[in-house]
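Numbering of the sequence shown is given in the numbering used here, commencing with residue 19 and proceeding in unit increments.
This report concerns only the one structure given below.
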Amino acid sequence: MRGEPVQDCHSLPTCETHPIRQLEVMRHLVGWVSLAVCMYGLNAELISHLHPPGQEISIANCVFPFIYGGEFHYNCISVHSDFDWCSLDFQFQGRWRYCTALDPPMCIFPFQFRKKTMNECTKEGYILNRSWCSLTENYNKDRKWKQCSPHNF
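In structure tokens form, the structure reads like this:
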């Protein structure tokens, strides 16, 4: 309008200068940070999770127990991985492979899930669309399960 000063783009509120916009950005950032801490813990090694070392191409047996991260592991673990894995050495030295339905704890086949009998790993009922199996004959009753390797489905 005539007679009113025109604001140039440098005087308009930005994220840095507008307090409400700052709060919105902080809420968004805090949400993502909270999610990362929730998923990976305070001592997260996110880069390791996003770029894990290459899988050892091997048919070698898993070694149980094995030491990883200063702890003994008696089963396959999913630390820093989307799928369970095991060490090929007693003291983890970078050699590993994905676990299968035959690695401890072992899948039990067949097993009951809902009103079906399952004879192999299934993706049914898993919100992440990954394969899983029951650790008992009746998942409906016991609710014990494990995620299967990407090679099981």
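Glycine included, each C-beta is placed from N, C-alpha and C at the ideal position.
Quantities reported herein were computed from a predicted structural model and do not represent experimental measurements.
| Asked | Found |
| --- | --- |
| Own chain partners of Tyr-86 with C-beta closer than 8 Å, once the 5 adjacent residues on each side are dropped | Ile-95, Val-97, Ser-105, Phe-110 |
| Nearest-angstrom beta carbon gap, Lys-141 and Ser-149 [assumed within contact, 8 Å] | 5 Å |
| Euclidean distance between Cα positions of Trp-103 and Lys-133 | 30 Å |
| Contact check, Met-136 vs Pro-128, beta carbons under 8 Å | yes |
| Same chain, Cβ closer than 8 Å to Glu-155, neighbours up to 5 away in sequence not counted | Ile-126, Pro-128, Phe-129, Gln-130 |
| Beta carbon of Cys-117 nearer than 8 Å to that of Cys-139 | no |
| Exposure label - Asn-79; buried when at least 16 CB within 10 Å | exposed |
| Separation of Lys-164 from Ser-152, as counted between CA atoms | 7 Å |
| Whole-angstrom C-beta distance between Asp-107 and Arg-113, which should lie under 8 Å | 6 Å |
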